[in-house]
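Step one of this worksheet: look at the structure below.
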Amino acid sequence: MANGGGGGGSSGGGGGGGGGSSLRMSSNIHANHLSLDASSSSSSSSSSSSSVHEPKMDALIIPVTMEVPCDSRGQRMWWAFLASSMVTFFGGLFIILLWRTLKYLWTVCCHCGGKTKEAQKINNGSSQADGTLKPVDEKEEAVAAEVGWMTSVKDWAGVMISAQTLTGRVLVVLVFALSIGALVIYFIDSSNPIESCQNFYKDFTLQIDMAFNVFFLLYFGLRFIAANDKLWFWLEVNSVVDFFTVPPVFVSVYLNRSWLGLRFLRALRLIQFSEILQFLNILKTSNSIKLVNLLSIFISTWLTAAGFIHLVENSGDPWENFQNNQALTYWECVYLLMVTMSTVGYGDVYAKTTLGRLFMVFFILGGLAMFARYVPEIAALILNRNKFGGTFNKHGGRKHIVVCGHITLESVSNFLKDFLHKDRDDVNVEIVFLHNISPNLELEALFKRHFTQVEFYQGSVLNPHDLARVKIESADACLILANKYCADPDAEDASNIMRVISIKNYHPKIRIITQMLQYHNKAHLLNIPSWNWKEGDDAICLAELKLGFIAQSCLAQGLSTMLANLFSMRSFIKIEEDTWQKYYLEGVSNEMYTEYLSSAFVGLSFPTVCELCFVKLKLLMIAIEYKSANRESRSRKRILINPGNHLKIQEGTLGFFIASDAKEVKRAFFYCKACHDDITDPKRIKKCGCKRLEDEQPSTLSPKKKQRNGGMRNSPSSSPKLMRHDPLLIPGNDQIDNMDSNVKKYDSTGMFHWCAPKEIEKVILTRSEAAMTVLSGHVVVCIFGDVSSALIGLRNLVMPLRASNFHYHELKHIVFVGSIEYLKREWETLHNFPKVSILPGTPLSRADLRAVNINLCDMCVILSANQNNIDDTSLQDKECILASLNIKSMQFDDSIGVLQANSQGFTPPGMDRSSPDNSPVHGMLRQPSITTGVNIPIITELVNDTNVQFLDQDDDDDPDTELYLTQPFACGTAFAVSVLDSLMSATYFNDNILTLIRTLVTGGATPELEALIAEENALRGGYSTPQTLANRDRCRVAQLALLDGPFADLGDGGCYGDLFCKALKTYNMLCFGIYRLRDAHLSTPSQCTKRYVITNPPYEFELVPTDLIFCLMQFDHNAGQSRASLSHSSHSSQSSSKKSSSIHSIPSTANRPNRPKSRESRDKQNATRMNRMGQAEKKWFTDEPDNAYPRNIQIKPMSTHMANQINQYKSTSSLIPPIREVEDEC
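Here is the structure:
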């Protein structure tokens, strides 16, 4: 027994390296205990030298430190664990290499034997060859069967470990989870000594670790079977991890001891963390995958290196007999590695062993590189991901819209300024911007200023994941902005169409409002199956509207400015001084709204309701949404603009109003005749307690809210048609049907004048031919472009000027001046329109401008197709500005003599000189003529708003002034496409507004016509039928002169309200604005002929004689057949050469009391003109039948600049024809 005890002490001394005593054992008995199984008998005795009681041998508790081994001979067994891993690794590597070598030698031998047998077959003949082939074939079949069995097993193993099947995914995830579990067990065991005795049957952690490694061994076998290249598989990282972690566990069971060893290599399994998350469909974006990859590589490398330092520092160097070890916990090693990688190196913890220091030398190089590369990238990914990533969350039931496309500071600021305008009442909508590029600092600051209603997310609408992030399926609408300044408009439109396709593919029911640059690209939207106009999908074509606005300015100068201001939200700016800006800004504050009419208006005619709204409610109603009473079209709703007194207001009729605030428009809904009839202050008209009004409570939503409920959208079959009434109800329609139906004068829809296609050579004029041609009252279009320029779509400019609600003789002749190469590319869309000519040249050539009589034109339009090809934005408009200044600096002689000299000159193709429209004699008495280019009416298209300052050299506009506040824009001489940005938000809140604007501007384009153009890219001619001819009966915009006529008495200090009521009652004319001379408010005479726009002036607004009134005129059925009576009642320049102008004077039979002499002198002058023209009866060309029903008034045209000249020369004696009453043939 003493020997046994002495043996134990001797072992302790040997293990401790000399000097191990019982005192040391006694002092460490409470520090650590290990259970040992001994073969000797167990006994207990006490010794005077040790004073330590030895426990029984079957459960011997031995105090252990790093110096105390667990075997009786005092030897460490770490080499056995390491040897098991090395033998497994190198043994398997040797076997693989040996197998490959033998296989290679066998292949070579078989190859050589095959050649020998083949030679023998050739020598022995075919008979012997047949005898020897039988055993060979049998062997090949056996080999094939064997290969097939091995291939099946290999495929089965590959399926088991792949993530393509559910079983494979479960197995891969399970292996990863068990690897993390084994790593956690390592963390627990790292607090124990590196090597210690453990009983497998009593150590729970060892049993769990054993189970894990058995599973790893089976998984290793599957991977080995499925591997195509066994050698590379043997050298994989995961295989090396298994070699140095699985065999030591089995050795520990056999030796009843544990060695911490290289179990830290399990941390390398963390590298597969991102793959596991992708298998589970948790990681979907590239940024998240990259972030997890970087984190897993960094952490796994960090933990693995810390495990190696922990091993060598706690064990010591083998060649030092493990004497230089130090006690470090695993987490202290983790800390040491972090401060080492970060190059901080505090020095509180450091490596003492040679192996540890040598490892640190090499690790600091790789670790520092990894730290410097990975950490900043990880930080950037985390910060960026939190900034513009994430998912949108709806708040409190608020609606939200998604805005995408061209997201820049300019586009976003313009959109938010109009969308969140205070005049829209309460905008309870959140705006979510989605763009694939992060915003710059300025744009980010703009988002922060509107953080309560605006959010930005980085992503693409082409990615379904990003669409899910912004909750596109629950969005109220999706708005797509276009880059108006791009060099390739077709490519920009294609990008937006792809965005529409992606969004509609993700959620077909979402409402989309998109901007399009080119008109012909709108047809591609019709190819999208889920694109539905009925559900509110809209395409705002900027080229169509821009050129349509400019075309309307050719008919009524200044109308483009008025319409642009109506659908743009502007705040009221009050000016005390009596300047033209004061009156202009009062009109700018008006916008267009919709509201349902009160039941008090039911049964009243439209003019009556319109007058009541204007006089009592201070509202201007210009149109209604009308539901036809016919059964066939009962479900069809049409927008009727100034329909006339035949139409009665129905229950639930929607009205279109011009007002300064959405709250003012609600008066039309709240009005009650019983409660509000005696109220004079319109602000007091509010909701009353009448039962009739309470019954209509469901329709008390604001206009924008009713729009969102989908109750006011038009289906394609019910698109707005500006017919005054149903075709079969038109009086005198039977006379219209008598027109020659065999001649195609209009397109198939009856909305536009049409002619057979013409070759471009037939409409080209040379300079000499143009100089001999009598051109007057025409439209000159100066176009800059070449072969490489993008097409701007001149068809959209010509179509409004060829609307069928003009008679043929009222059409203005259009002359294009520009590059013939560019115009040839546009001609395919223009060859079906009458009265079009081309002068090849350049708008900068004064000779070309003089050849087309630019001083006699009604309007000069300056366009450029080269604007977006220049990087410098300040130079984008250089051609248009130079052309405008060039025209204004021109000087002209008296053009009357020129017209007389050319009265028998050359007549160009398309101009019938025998027609009174184009007869030179009608320009003979044009008085007075223009002698300077400043007085020529010009409208210039601009791309950059700030360039408007260069158009007028005599204005005092600040370069930083907004476009709508500048003088050229207020006067209607400049137009920029940027004003159309407001249509996006206006369309969202009320899609009927876009329909109304588009109908007014395009001259009557409908979805049916767009579908036809999409099919044929050209207008199709059609025969005249009652239905198509009825489409001509729609209103048009014109300008009414107050110089003379039935309203002349109101011109000198009369009220605008009196004029409004008189025009509406007497002639069904709806007035909505004034085009006034800029200096009309001055008491002293002025030579300035510039005019500005006043929108919807109040009732008491004072008129001046030189005012021109914007009005909506009814279609005049009798204008064509009564040309003869008109010709002798007006001077020739007004009845022929200027018939297509849109400024009109309504003469009166009664002489004005305060101007008796003027009337008498004018009658004498008219008689003199008739004598000069001759008494011969003239046969006028007309496109109307002679027996068309007559009207009681005739409206005579007069141009804007002609009215300006009248004011300048203070002469009104030669331009106003006397009234001629047409006898009632009924």
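Each residue of the sequence shown is one higher than the one before, starting from 1 at the first, in the UniProt record's numbering.
The C-beta atom is built at its ideal place from N, Cα and C for all residues, glycine as well.
What is the rounded straight-line gap between the Cα of K103 and the Cα of G91?
-> Against the sequence shown, residue 103 aligns to sequence position 103. Against the sequence shown, residue 91 aligns to sequence position 91. The straight-line gap from Cα to Cα measures roughly 18 angstroms.
Would you list the residues sitting across from Q458 in a DSSP beta bridge?
-> Working through the sequence shown from its first residue, we reach residue 458 at position 458. Answer is H435.
Could you give the distance in angstroms between the alpha-carbon of S660 and the alpha-carbon of L462?
-> Here the question's residue 660 lines up with position 660 in the sequence shown. Here the question's residue 462 lines up with position 462 in the sequence shown. C-alpha separation (whole angstroms): 40 angstroms.
Would you say the region 649-667 touches the region 581-599, given that touching needs at least three Cβ pairs under 8 angstroms?
-> yes
From L1000, I437 and V815, residue whose alpha carbon lies closest to that of K546 = As a first step, residue 546 must be located in the sequence shown, where it is residue number 546. K546 has its Cα closest to that of L1000, out of L1000, I437 and V815.
Assign M621 to one of two classes, buried (16 or more other C-beta atoms within 10 Å of its C-beta) or exposed (fewer than that).
-> Here residue 621 is taken as the residue at index 621 of the sequence shown, counted from 1. So M621 counts as buried.
Proximity winner among I96, V1104, G405 and L183, relative to W232 (alpha-carbon distances) | Taking the first residue of the sequence shown as 1, we reach residue 232 at position 232. Looking at the Cα atoms, I96 is the closest of the given residues.
Beta-carbon proximity of F656 to T594, cut-off 8 angstroms | Reading the sequence shown from its first residue, position 656 is the one you call residue 656. Reading the sequence shown from its first residue, position 594 is the one you call residue 594. Yes, they are a contact pair.
What does G405 pair with, by DSSP beta-bridge criteria?
-> Taking the sequence shown and counting its residues from 1, the one referred to as residue 405 is at position 405. When DSSP reads this structure, G405 sits in a beta bridge with L481.
Rounded C-beta distance between S84 and P247? I'm assuming under 8 angstroms.
-> The residue you call residue 84 lines up with position 84 of the sequence shown. The residue you call residue 247 lines up with position 247 of the sequence shown. That pair is a contact at about 4 angstroms.
Between the C-alpha atoms of C688 and T653, what's the straight-line distance to the nearest angstrom?
-> By one-based count along the sequence shown, residue 688 stands at place 688. By one-based count along the sequence shown, residue 653 stands at place 653. So the two alpha carbons sit approximately 20 angstroms from each other.
Nearest-angstrom Cα separation, counted from N832 out to G750 | Position 750 of the sequence shown holds residue 750. Position 832 of the sequence shown holds residue 832. If you take the alpha carbons of G750 and N832, they lie about 14 angstroms apart.
Exposed or buried, which one is G603 when buried takes at least 16 other CB atoms within 10 Å?
-> Start at 1 with the first residue of the sequence shown, and residue 603 comes out as number 603. Label assigned to G603: exposed.
In this structure, what does DSSP give as the bridge partners for Q515?
-> Along the sequence shown, read from residue 1 onward, the residue named residue 515 stands at position 515. Looking at the DSSP output, Q515 bridges to I540.
For V977 versus K484, is the C-beta spacing smaller than 8 angstroms?
-> Taking the first residue of the sequence shown as 1, we reach residue 977 at position 977. Taking the first residue of the sequence shown as 1, we reach residue 484 at position 484. Result yes, Cβ atoms of V977 and K484 sit closer than 8 angstroms.
Close beta carbons around L619, own chain, < 7 angstroms, minus the five adjacent residues each side = Here residue 619 corresponds to residue number 619 of the sequence shown, with the count starting at 1. For L619, the CB contacts under 7 angstroms within the same chain, skipping 5 residues up- and downstream, are C613, F657, A659, E664, V665, R667 and A668 in chain order.
Under the three-state DSSP convention, the category D872 falls into = For the purposes of this step, residue 872 is taken as residue 872 along the sequence shown, with counting starting at 1. In this structure, D872 counts as coil in the three-state DSSP scheme.
Opposite F816 in the DSSP bridges: which residues?
-> Reading the sequence shown from its first residue, position 816 is the one you call residue 816. The partner list for F816 (beta bridge, DSSP) reads V781 and I838.
Separation of R1036 from I624, as counted between CA atoms = Walking along the sequence shown from the start, residue 624 turns up at place 624. Walking along the sequence shown from the start, residue 1036 turns up at place 1036. Each residue's alpha carbon lies about 16 angstroms from the other.
So what does Y593 bridge to, in DSSP terms?
-> Within the sequence shown, residue 593 is the residue found at index 593, counting from 1. Answer is F657.
When T940, F549 and S300 are compared against T1002, the one with the closest alpha-carbon | On the sequence shown, position 1002 is the one that residue 1002 refers to. Comparing Cα-Cα distances from T1002 to each of T940, F549 and S300, the minimum goes to F549.
Closest Cα partner of V934 within the set L885, F975 and G536 = Position 934 of the sequence shown, counted from the first residue, corresponds to residue 934. Nearest option by C-alpha distance: L885.
Which listed residue (K627, D678 and L942) has its alpha carbon closest to that of I783 = Residue numbering aside, residue 783 sits at position 783 when the sequence shown is read from its first letter. Nearest of K627, D678 and L942 to I783, Cα basis: L942.
From V774, Y219, E444 and E430, residue whose alpha carbon lies closest to that of H813 = Your numbering for residue 813 matches position 813 in the sequence shown. Looking at the Cα atoms, V774 is the closest of the given residues.
Residue interval of the beta strand (DSSP E) (run including L640) | Start at 1 with the first residue of the sequence shown, and residue 640 comes out as number 640. Looking at the DSSP string, the run of the beta strand (DSSP E) that includes L640 is K637 to I641.
Is the number of C-beta pairs between the region 313-330 and the region 429-447 that are closer than 8 angstroms three or more?
-> With the rule of 3 Cβ pairs closer than 8 angstroms, the region 313-330 does not count as touching the region 429-447.
Q515 and A543 closer than 8 angstroms at C-beta | To locate residue 515, count along the sequence shown from 1; it is residue 515. To locate residue 543, count along the sequence shown from 1; it is residue 543. Against a cut-off of 8 angstroms, the Cβ pair of A543 and Q515 comes out as no contact.
Contact belief for L951 with P968 at Cβ below 8 angstroms, rounded distance in angstroms | Sequence index remark: in the sequence shown, residue 951 carries index 951 (1-based). Sequence index remark: in the sequence shown, residue 968 carries index 968 (1-based). The pair is a contact, with the Cβ atoms about 5 angstroms apart (cut-off 8 angstroms).
Hey, quick one: how far does the beta strand (DSSP E) through Q453 stretch, first residue to last?
-> Here residue 453 corresponds to residue number 453 of the sequence shown, with the count starting at 1. That residue, Q453, is in no beta strand (DSSP E); it is neither H nor E in DSSP.
Identify every residue that forms a DSSP beta bridge with M1113.
-> Mapped onto the sequence shown, residue 1113 falls at position 1113. In DSSP, M1113 forms a bridge with R1036.
In terms of residues, what are the limits of the alpha helix (DSSP H) holding I276?
-> Numbered from 1 along the sequence shown, position 276 holds the residue referred to as residue 276. Here the alpha helix (DSSP H) through I276 covers F273 to F279.
Where R357 falls, given that 16 or more other Cβ within 10 Å makes a residue buried | Reading the sequence shown from its first residue, position 357 is the one you call residue 357. Per the 10 Å Cβ criterion, exposed.
In chain order, what residues of the same chain lie with their CB nearer than 6 angstroms to the CB of residue 1240, ignoring the 5 residues before and after it?
-> Because the chain in this structure spans residues 1 to 1226, residue 1240 falls outside the shown range and cannot be described.
Where T940 falls: helix, strand or coil (DSSP) = The sequence position of residue 940 within the sequence shown is 940, counting from 1. Strand, per DSSP.
Tell whether a beta-carbon distance below 8 angstroms holds between I309 and A369.
-> Translated into positions along the sequence shown, residue 309 becomes position 309. Translated into positions along the sequence shown, residue 369 becomes position 369. No, Cβ-Cβ distance for I309 and A369 is not below 8 angstroms.
By Cβ distance below 7 angstroms, which residues in the same chain neighbour L1064 in space, the five residues on each side in sequence not counted?
-> If you number the sequence shown from 1, residue 1064 lands on position 1064. These residues qualify, in order along the chain: P607, C610, E611 and L1070.
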